[in-house]
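Trainee: Submitted below is the structure of interest, expressed as structure tokens.
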Amino acid sequence: MRRREVMAALAGAAAWPLAARAQQPIPVVGFLNSASAEGYGSMAAGFRDGLADVGYREGNNVAIEHRWADNQYERLPALAAELVDRRMAVIFANSPSVSAAKAATSTIPIVFLSGDDPVRLGLVASLNRPGGNVTGVAILSRELAGKRLALLHELVPNARTIAVLINSDFEPSGRFQVEVQAAAGALGLAVPFLQANTDAQINASFASLAQTQVGALLVGPGPFLDSRRNLLVALAAKNAIPAGFETRATAAAGGLMSYGASVADGYRQAGVYTGRILKGERPADLPVLLPTKVELVINLSTAKGLGLEIPPTLLARADEVIE
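Under the working numbering, the first residue of the sequence shown carries the number 0, and numbering increases by one thereafter.
Right under this line is the structure:
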């Protein structure tokens, strides 16, 4: 064989692995969420940021198939089954949807973001050694309920009745209510609970608040209520009701105060775990992540609009004060 032909053959052989790699399909991640793309688009962005932190960029070396239930929880089993049928490399599922994902597959890795104890829910065997095909991030909304009520009462010390807005379709809300009732008993507060499973119920609840002598409002946890933050903030302002929330995003949108772990950071951490699993790590070996920081955020502008004087000791404890 002539030298030129040998060199051409070697060059062709060297190109084979590159051509083979170019033809390999990129992994596809399923993103299953009980909320809507409109209300929780920023959380999906945080998930993508987490993937990027470990080298996976959507449209480059990973694809994401989104399935939004638009707060219709009865759709979750079918959406989960659809992702399983399409053989996702990993499935991410938020708190209301992870049970549907787990029921749909015992082999595809699942990464969750849960507002409740994943061991009690039966998602994992333990926090340190999850076992099985499921791991994720737990932000433990319920455990912070009593503290959130106490902080709101500190902001509005004259309030003897603090209404609590609850999305009863969100399974952890029942235990959230138990925690709030226990804290209310210690504080000497009355805490009537109001249903808020739809926009119509949210509006009806605020209409009833306007007719009663409540001193403040505590908004319960869950993706539905969090995704309705702009509506809740607007109604609280319209009715001049001091309101406490779980997420910083709601305080930034004009809510009086928030106290809780960062949901947005939880989505980013879930994206990181998803990327690590794509790289070959096993969910069984990845411990469930817990919040490293819980933030108290106070919106000083909203407080002034309500005529509230924020205690200096509370301001000093705040992680962030929004002017």
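C-beta: ideal position from N, C-alpha, C; glycine also.
May I have the straight-line CA-CA distance separating LEU234 from ARG227, to the nearest angstrom?
Mentor: As a first step, residue 234 is located in the sequence shown; it is residue number 235 there, counting from the start. As a first step, residue 227 is located in the sequence shown; it is residue number 228 there, counting from the start. Going from the Cα of LEU234 to the Cα of ARG227 covers about 11 Å.
Trainee: Applying the criterion that 16 or more other CB atoms from any shown protein chain within 10 Å of the CB defines a buried residue, is GLY304 buried or exposed?
Mentor: For this step, residue 304 is matched to residue 305 along the sequence shown. Here GLY304 is exposed, its C-beta having fewer than 16 other C-beta atoms within 10 Å.
Trainee: Just to confirm my understanding: we take ALA334, look at its own chain, exclude 5 residues before and 5 after, and list those with CB closer than 7 Å. What are they?
Mentor: The question about residue 334 has no answer here: the residues shown for the chain are numbered 0 through 322.
Trainee: With a threshold of 16 other CB atoms inside 10 Å of the CB of ARG1, please say whether the residue is buried or exposed.
Mentor: Taking the first residue of the sequence shown as 1, we reach residue 1 at position 2. Summary for ARG1: the model assigns pLDDT 46, below 50, so the residue's position carries little reliability, and this model does not support an answer.
Trainee: Sorted by chain position, which residues of the same chain lie with C-beta nearer than 8 Å to VAL190's C-beta, five sequence neighbours on each side aside?
Mentor: For this step, residue 190 is matched to residue 191 along the sequence shown. Within the same chain, VAL190 has close Cβ partners LEU148, THR160, ILE161, ALA162, VAL163, VAL179, GLN180, ALA183, LEU217.
Trainee: Can you tell me the Cα-Cα spacing of LEU56 and ALA137, whole angstroms?
Mentor: Within the sequence shown, residue 56 is the residue found at index 57, counting from 1. Within the sequence shown, residue 137 is the residue found at index 138, counting from 1. In the sequence as presented, Leu is not what sits at residue 56; that position holds Arg. C-alpha separation (whole angstroms): 24 Å.
Trainee: Which word fits SER96, buried or exposed, when buried means at least 16 other C-beta atoms lie within 10 angstroms of its C-beta?
Mentor: Here residue 96 refers to the residue found at position 97 when the sequence shown is read from its first residue. Classification of SER96: buried, given that the 10 Å Cβ count is 16 or more.
Trainee: What would DSSP say about ARG66, mapped onto helix, strand or coil?
Mentor: Sequence index remark: in the sequence shown, residue 66 carries index 67 (1-based). Three-state result, ARG66: strand.
Trainee: For the stretch 191–236, which segments carrying the beta strand (DSSP E) assignment without a break, of at least 3 residues, lie completely within its bounds, in sequence order?
Mentor: Within the stretch 191–236, the beta strand (DSSP E) runs of at least 3 residues that lie entirely inside it are, in chain order, 192–194, 215–218.
Trainee: Of all the CB atoms in chain C, is at least one closer than 7 Å to the CB of THR273?
Mentor: Looking at the structure shown, chain C is missing, and only one protein chain is on hand.
Trainee: Would you list the residues sitting across from ASN93 in a DSSP beta bridge?
Mentor: Stepping through the sequence shown from its first residue, residue 93 is reached at position 94. Bridge partners of ASN93: LEU112.
Trainee: Can you tell me whether LEU188 is helix, strand or coil according to DSSP?
Mentor: As a first step, residue 188 is located in the sequence shown; it is residue number 189 there, counting from the start. LEU188: coil per DSSP, three-state reduction.
Trainee: Between the Cα of PRO26 and the Cα atoms of ILE201, ARG86, LEU314, LEU255, which residue gives the shortest distance?
Mentor: Position 27 of the sequence shown, counting from 1, holds the residue named residue 26. The shortest C-alpha separation from PRO26 is found at ARG86.
Trainee: Tell me, please, which residues DSSP counts as bridged to VAL136.
Mentor: Locating residue 136 in the sequence shown gives position 137, where the first residue counts as 1. VAL136 is bridged to LEU112, LEU288.
Trainee: Tell me, please, whether the stretch 257–270 touches the stretch 39–51 by the rule of three or more beta-carbon pairs shorter than 8 Å.
Mentor: yes
Trainee: Sorted by chain position, which residues of the same chain lie with C-beta nearer than 8 Å to VAL5's C-beta, five sequence neighbours on each side aside?
Mentor: Numbered from 1 along the sequence shown, position 6 holds the residue referred to as residue 5. Low confidence applies here, because VAL5 scores a pLDDT of 41, under 50, leaving its location unreliable; read the following figure in that light. Nothing listed; no residue qualifies.
Trainee: Quick one: which unbroken beta strand (DSSP E) runs of 3-plus residues sit fully inside the stretch 242–271? Chain order, please.
Mentor: Here the runs fully enclosed are 242–244, 256–260.
Trainee: Would you mind reading off the limits of the beta strand (DSSP E) that contains LEU295?
Mentor: Against the sequence shown, residue 295 aligns to sequence position 296. Taken as a continuous stretch (DSSP letters only), the beta strand (DSSP E) holding LEU295 covers 293–298.
Trainee: Please go through the same chain and pick out, in chain order, the residues whose beta-carbon is closer than 7 Å to the beta-carbon of ASN229, but skip the five residues on each side of it.
Mentor: The count along the sequence shown starts at 1 and reaches residue 229 at position 230. Counting only Cβ-Cβ distances below 7 Å, and skipping sequence neighbours, we find ALA252.
Trainee: To the nearest whole angstrom, what separates the beta carbons of VAL110 and GLY135, a pair I think is in contact under 8 Å?
Mentor: For this step, residue 110 is matched to residue 111 along the sequence shown. For this step, residue 135 is matched to residue 136 along the sequence shown. The Cβ separation is near 5 Å, so the contact holds.
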